[in-house]
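Participant: This is the structure, below, for whatever I ask next.
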Amino acid sequence: MGKGSIAVVWFLQDLRLGDNPALDHAVAEYDAVIPLYLWTPDEHGEWPPGGAAKWWLHHSLASLDGDLRQKGSRLVLRKGAAALPLLRAVARETGARAVFWNARYEPALRERDREVVRELREDGLTVQVFRSRILHDPRRIQTSDGNPYRVFTPFWKKLQDAMDVGATLDRPRMGESKAPARWPASESLGALGLDPKHQWADGLAEAWTPGEAGAQRRLDTFIERALLDYDEGRNRPDRDGSSRLSPYLQHGELSPRQVWNAVAGWVSNRTMKDAADAYLREIAWREFGYHLLFHFPHTTTEPLNEKFERFPWDASERDMKAWCKGRTGYPVVDAGMRQLWRTGWMHNRTRMIVASFLTKDLLIPWQDGARWFWDTLVDADLANNTLGWQWTAGSGADAQPYFRIFNPVSQGNRYDPDGAYVRAWVPELAELPSASIHEPWKAKNSVLEDAGVVLGDTYPSRIVDHREARDRALEAYQGL
Ligand code: FAD
Numbered sequence: 000m001g002k003g004s005i006a007v008v009w010f011l012q013d014l015r016l017g018d019n020p021a022l023d024h025a026v027a028e029y030d031a032v033i034p035l036y037l038w039t040p041d042e043h044g045e046w047p048p049g050g051a052a053k054w055w056l057h058h059s060l061a062s063l064d065g066d067l068r069q070k071g072s073r074l075v076l077r078k079g080a081a082a083l084p085l086l087r088a089v090a091r092e093t094g095a096r097a098v099f100w101n102a103r104y105e106p107a108l109r110e111r112d113r114e115v116v117r118e119l120r121e122d123g124l125t126v127q128v129f130r131s132r133i134l135h136d137p138r139r140i141q142t143s144d145g146n147p148y149r150v151f152t153p154f155w156k157k158l159q160d161a162m163d164v165g166a167t168l169d170r171p172r173m174g175e176s177k178a179p180a181r182w183p184a185s186e187s188l189g190a191l192g193l194d195p196k197h198q199w200a201d202g203l204a205e206a207w208t209p210g211e212a213g214a215q216r217r218l219d220t221f222i223e224r225a226l227l228d229y230d231e232g233r234n235r236p237d238r239d240g241s242s243r244l245s246p247y248l249q250h251g252e253l254s255p256r257q258v259w260n261a262v263a264g265w266v267s268n269r270t271m272k273d274a275a276d277a278y279l280r281e282i283a284w285r286e287f288g289y290h291l292l293f294h295f296p297h298t299t300t301e302p303l304n305e306k307f308e309r310f311p312w313d314a315s316e317r318d319m320k321a322w323c324k325g326r327t328g329y330p331v332v333d334a335g336m337r338q339l340w341r342t343g344w345m346h347n348r349t350r351m352i353v354a355s356f357l358t359k360d361l362l363i364p365w366q367d368g369a370r371w372f373w374d375t376l377v378d379a380d381l382a383n384n385t386l387g388w389q390w391t392a393g394s395g396a397d398a399q400p401y402f403r404i405f406n407p408v409s410q411g412n413r414y415d416p417d418g419a420y421v422r423a424w425v426p427e428l429a430e431l432p433s434a435s436i437h438e439p440w441k442a443k444n445s446v447l448e449d450a451g452v453v454l455g456d457t458y459p460s461r462i463v464d465h466r467e468a469r470d471r472a473l474e475a476y477q478g479l
């Protein structure tokens with residue numbers, strides 16, 4: 000590039016300096032680099048970031064700005080109705096000749112980005128879009144007859160055969176010398192209005208440290224302490240057995256390649272290899288979610304299996320409210336929903352249990368559950384949320400058969416055998432003995448009394464009888 004060349008790096012869902020191909024390229028090829036973040040929620044179609052994700056974003060942007068400032072740079076913030084005019088304005092004001100970013104895959108944003116590329120190139124700017132959100136290009140992984148995959152296991156096999164994730168990129172060396180002679184104006188972080196100023200956010204702040212440093216710490220701790228037992232630990236909501244990296248991956252404070260290489264690089268014997276493979280398989284589920292989102296973009300709101308368009312859902316507002324608040328009378332369901340509300344995250348096992356309960360025991364459309372998750376999860380991800388809900392409802396790719404209906408009592412007994420998870424999130428049941436904690440309605444009066452539990456008063460009575468609800472769900476399904 001000529002002397003004095005300036006490039007804009009448009010940060011989207013890649014709020015990190017390490018393993019960031021767009022940033023890396025700009026720093027290597029241009030004299031000055033302007034890191035930019037644009038807040039344009041109207042462009043996200045039906046899925047603008049929800050409340051918990053906005054909280055995370057606020058802190059993640061602050062962290063990224065702090066990291067950039069340590070390198071003599073800063074994060075420029077702008078907000079508006081659309082990205083294109085904002086990018087044009089920044090390019091004009093700074094004399095930038097190039098714009099780089101890492102792709103995202105949500106249908107509305109893909110469409111927007113195609114237009115932005117075209118228009119900026121017509122303006123005479125150099126534009127390049129890199130891939131770092133996922134490990135594979137969804138167009139290049141195909142079945143032998145050239146179609147997208149709908150079943151996970153062959154997808155995973157193909158991915159393993161086809162994929163070379165490449166080396167992780169180091170944080171670029173950018174120092175003061177990469178700063179432009181004059182910085183363009185920036186909004187303040189507060190002006191983006193992301194931080195909810197609501198007491199609810201205190202629970203999120205207690206549970207998480209957004210930002211690249213927090214992400215790296217969590218990855219290192221997980222590998223050191225829990226990866227070896229992951230295959231068993233990942234199923235236990237009462238343990239800290241999974242990585243809890245999902246919100247960091249969602250906001251791009253870690254790339255899947257960083258995770259992949261760190262986990263694969265840790266292996267030095269057979270037992271470790273089995274543990275690493277079990278973990279990488281879950282990263283591949285994340286990839287599968289993106290593969291489906293890319294090829295079947297309508298599935299964020301419509302069932303992949305068209306048969307389910309006729310499903311006789313029976314949405315009850317009262318039941319929906321009880322589910323959202325964690326007041327269904329089923330302890331493991333309520334524990335999951337309260338963990339979600341308090342921390343913005345829920346264990347995968349309980350996500351499956353509460354989603355099954357909503358769609359099968361309550362016959363509430365999976366789309367309603369997906370929207371609640373969207374607003375309350377710090378890791379809300381359109382690809383994985385859609386995959387998880389459609390899978391549980393039975394309408395998605397490689398979905399769990401509809402007739403497999405989770406029994407919340409046996410799931411609780413199996414995966415939270417001592418009731419520690421329920422005690423942590425449903426404190427009004429904390430004094431119950433383990434034998435009764437997942438079905439307090441069966442406990443003797445004296446046991447309830449000793450534990451200070453009055454059903455229908457200190458803790459809700461069940462809003463449905465699982466056995467009856469199960470029959471009702473099967474009947475509805477058989478009518479399809
Ligand atoms: P780990 O077990 O440590 O797994 C490591 C990573 O692999 C995760 O961070 C995630 O990126 C990926 N992963 C793990 N399990 C899955 C899975 N089943 N599907 C896709 N990717 C997976 N995940 C999200 O990131 N965002 C969502 O909005 C989301 N919504 C869900 C909704 C439902 C109804 C269900 C059943 C699952 C959903 N999941 C979602 C998938 C999964 O529950 C979370 O990724 C996981 O619980 C995150 O915790 P972890 O990082 O400790 O996972």
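Under numbering that gives the first Met the number 0, the first residue of the sequence shown carries the number 0, and numbering increases by one thereafter.
Where is the CB? At the ideal position from N, CA and C, for every residue including glycine.
What three-state label does DSSP hand Arg461 in the structure shown?
Facilitator: Taking the sequence shown and counting its residues from 1, the one referred to as residue 461 is at position 462. If DSSP states are grouped into helix, strand and coil, Arg461 belongs with coil.
Participant: For the putative contact between Leu292 and Tyr104, defined by C-beta atoms under 8 Å, what is the C-beta separation to the nearest angstrom?
Facilitator: The sequence position of residue 292 within the sequence shown is 293, counting from 1. The sequence position of residue 104 within the sequence shown is 105, counting from 1. Leu292 to Tyr104, Cβ: 6 Å. Contact.
Participant: Going by other Cβ atoms of all chains shown within 10 Å of its Cβ, with 16 needed for buried, is Ala166 buried or exposed?
Facilitator: One-based indexing of the sequence shown puts residue 166 at position 167. Flag for Ala166 reads exposed.
Participant: Scan the region 178-215 and note each continuous alpha helix (DSSP H) run of 4 residues or more that stays entirely inside, going in chain order.
Facilitator: 199-206
Participant: State yes or no: is the C-beta of His250 nearer than 8 Å to some heavy atom of ligand 1?
Facilitator: Looking up residue 250 in the sequence shown gives position 251. His250 Cβ: outside cutoff for every heavy atom of ligand 1.
Participant: Note down the Cα distance separating Gly451 from Val425, rounded to an integer number of angstroms.
Facilitator: One-based indexing of the sequence shown puts residue 451 at position 452. One-based indexing of the sequence shown puts residue 425 at position 426. Their Cα atoms are separated by approximately 13 Å.
Participant: Using alpha carbons as the reference points, say which of Ala81, Asp360, Gly325 lies closest to Arg469.
Facilitator: In the sequence shown, counting from the first residue as 1, residue 469 sits at position 470. Ranked by Cα distance from Arg469, the options Ala81, Asp360, Gly325 are led by Asp360.
Participant: Looking at the unbroken alpha helix (DSSP H) that takes in Asn383, where does it start and where does it end?
Facilitator: Position 384 of the sequence shown, counted from the first residue, corresponds to residue 383. Unbroken alpha helix (DSSP H) run through Asn383: 381-392.
Participant: Just to confirm, is the Cβ distance from Val377 to Pro236 under 9 Å?
Facilitator: The residue labelled residue 377 in the question sits at position 378 within the sequence shown. The residue labelled residue 236 in the question sits at position 237 within the sequence shown. Cβ distance not < 9 Å, so Val377 and Pro236 don't count as in contact.
Participant: Give the DSSP-derived three-state secondary structure of Phe405 in the structure shown.
Facilitator: On the sequence shown, position 406 is the one that residue 405 refers to. Phe405 falls in the coil class under three-state DSSP.
Participant: With 16 other CB atoms within 10 Å as the buried threshold, where does Gln159 fall?
Facilitator: Position 160 of the sequence shown, counted from the start, is the residue given in the question as residue 159. Gln159 comes out exposed.
Participant: How close, in whole Å, do the beta carbons of Leu74 and Leu60 come, if the pair is a contact with beta carbons under 8 Å?
Facilitator: What you label residue 74 is simply residue 75 of the sequence shown in a count that begins at 1. What you label residue 60 is simply residue 61 of the sequence shown in a count that begins at 1. Confirmed, about 7 Å.
Participant: Entirely within the region 417-451 and at least 3 residues each: give me those beta strand (DSSP E) ranges in chain order.
Facilitator: Qualifying beta strand (DSSP E) stretches: none in this window.
Participant: Does the distance from the CB of Ala369 to the CB of Asn347 come in under 9 Å?
Facilitator: The residue labelled residue 369 in the question sits at position 370 within the sequence shown. The residue labelled residue 347 in the question sits at position 348 within the sequence shown. Going by beta carbons, Ala369 and Asn347 fall outside the 9 Å limit.
Participant: What does the alpha-carbon distance come out to for the pair Arg243 and Asp13?
Facilitator: Taking the sequence shown and counting its residues from 1, one reaches residue 243 at position 244. Taking the sequence shown and counting its residues from 1, one reaches residue 13 at position 14. When rounded, the distance between both Cα atoms is 18 Å.
Participant: Would you kindly check if the distance between the Cβ of Leu76 and the Cβ of Tyr36 is under 9 Å?
Facilitator: On the sequence shown, residue 36 is found 37 positions in, with the first residue counted as 1. On the sequence shown, residue 76 is found 77 positions in, with the first residue counted as 1. Closer than 9 Å, so yes.
Participant: Rounded to whole angstroms, what is the Cα-Cα separation between Phe99 and His437?
Facilitator: Here residue 99 refers to the residue found at position 100 when the sequence shown is read from its first residue. Here residue 437 refers to the residue found at position 438 when the sequence shown is read from its first residue. Whole-angstrom Cα-Cα distance: 52 Å.
Participant: For my contact list, Pro137 and Tyr289 are in at a C-beta cut-off of 8 Å; report their separation, rounded to the angstrom.
Facilitator: Position 138 of the sequence shown, counted from the first residue, corresponds to residue 137. Position 290 of the sequence shown, counted from the first residue, corresponds to residue 289. Between Tyr289 and Pro137 the Cβ distance is about 6 Å, and since that is below 8 Å, they are a contact.
Participant: Taking C-alpha atoms, which residue in Glu121, Gly71, Trp55, Leu67 lies nearest to Arg87?
Facilitator: Your numbering for residue 87 matches position 88 in the sequence shown. Closest by alpha carbon: Glu121.
Participant: Quick check on Phe402: buried or exposed, where buried means 16 or more other Cβ atoms within 10 Å of its Cβ?
Facilitator: Numbered from 1 along the sequence shown, position 403 holds the residue referred to as residue 402. Burial call: exposed.
Participant: Within 10 Å of its beta-carbon, does His297 have 16 or more other beta-carbons around it, so buried, or fewer, so exposed?
Facilitator: On the sequence shown, residue 297 is found 298 positions in, with the first residue counted as 1. Result: exposed.
Participant: Within 10 Å of its beta-carbon, does Asp415 have 16 or more other beta-carbons around it, so buried, or fewer, so exposed?
Facilitator: One-based indexing of the sequence shown puts residue 415 at position 416. With 16 or more other Cβ atoms within 10 Å, it is buried.
Participant: Quick check on Asn444: buried or exposed, where buried means 16 or more other Cβ atoms within 10 Å of its Cβ?
Facilitator: As a first step, residue 444 must be located in the sequence shown, where it is residue number 445. Burial call: exposed.
Participant: Helix or strand or just coil, what does DSSP make of Arg217?
Facilitator: The residue given as residue 217 occupies position 218 in the sequence shown. Assigned with DSSP and collapsed to three states, Arg217 falls in helix.
Participant: Who are the near neighbours of Arg337 in its chain, counting only those whose CB is closer than 6 Å to its CB and skipping five residues on each side?
Facilitator: For the purposes of this step, residue 337 is identified with residue 338 of the sequence shown, where counting begins at 1. Excluding positions up to five away in sequence, the list reads Gly325, Trp424.
Participant: Among Tyr247, Asp228, Lys320, which has the Cα closest to the Cα of Arg486?
Facilitator: Any question about residue 486 goes unanswered here, given that the chain covers just 0 to 479.
Participant: Relative to the alpha-carbon of Ile352, which residue among Val7, Gly478, Pro407 has its alpha-carbon at the smallest distance?
Facilitator: As a position in the sequence shown, residue 352 is number 353, starting the count at 1. Checking every option, the nearest Cα to that of Ile352 belongs to Pro407.
Participant: Is Arg77 helix, strand or coil when you go by DSSP?
Facilitator: Along the sequence shown, one-based indexing puts residue 77 at 78. Three-state result, Arg77: strand.
Participant: Who are the Cβ neighbours of Thr270 in its own chain at under 8 Å, not counting the five residues just before and after it?
Facilitator: Counted from its first residue, the sequence shown places residue 270 at position 271. Closer than 8 Å at Cβ, skipping near neighbours: Leu227.
Participant: Residues in the same chain with beta-carbon distance under 7 Å from Glu118, minus the five sequence neighbours each way, listed in chain order, please.
Facilitator: Numbered from its first residue, the sequence shown carries residue 118 at position 119. Here the set comprises Leu83.
Participant: Take Met345 and list the residues in its own chain whose beta-carbon comes closer than 7 Å to its own, dropping the five residues that flank it on each side.
Facilitator: The residue labelled residue 345 in the question sits at position 346 within the sequence shown. These residues qualify, in order along the chain: Gly335, Gln338, Leu339.
Participant: Between Gly94, Phe295, Arg130, Tyr148, which lies nearest to Gly123 when the distance is taken from Cα to Cα?
Facilitator: Locating residue 123 in the sequence shown gives position 124, where the first residue counts as 1. The candidate whose alpha carbon is nearest that of Gly123 is Gly94.
Participant: Compute the distance between the beta-carbons of Trp390 and Asp380, then report whether it is under 9 Å.
Facilitator: What you label residue 390 is simply residue 391 of the sequence shown in a count that begins at 1. What you label residue 380 is simply residue 381 of the sequence shown in a count that begins at 1. Taking a C-beta distance under 9 Å as the contact criterion, Trp390 and Asp380 do not qualify as a contact pair.
Participant: State buried or exposed for Thr375, treating a residue as buried only when at least 16 other CB atoms are found within 10 Å of its CB.
Facilitator: Sequence index remark: in the sequence shown, residue 375 carries index 376 (1-based). With 16 or more other Cβ atoms within 10 Å, it is buried.
Participant: Could you round the C-beta distance between Gly202 and Arg341 to whole angstroms and report it? I think they count as a contact, below 8 Å.
Facilitator: As a first step, residue 202 must be located in the sequence shown, where it is residue number 203. As a first step, residue 341 must be located in the sequence shown, where it is residue number 342. The pair is a contact, with the Cβ atoms about 4 Å apart (cut-off 8 Å).
Participant: Mind checking who Leu35 pairs with in its DSSP beta bridge?
Facilitator: Counted from its first residue, the sequence shown places residue 35 at position 36. BP columns for Leu35 point to Trp9, Val75.
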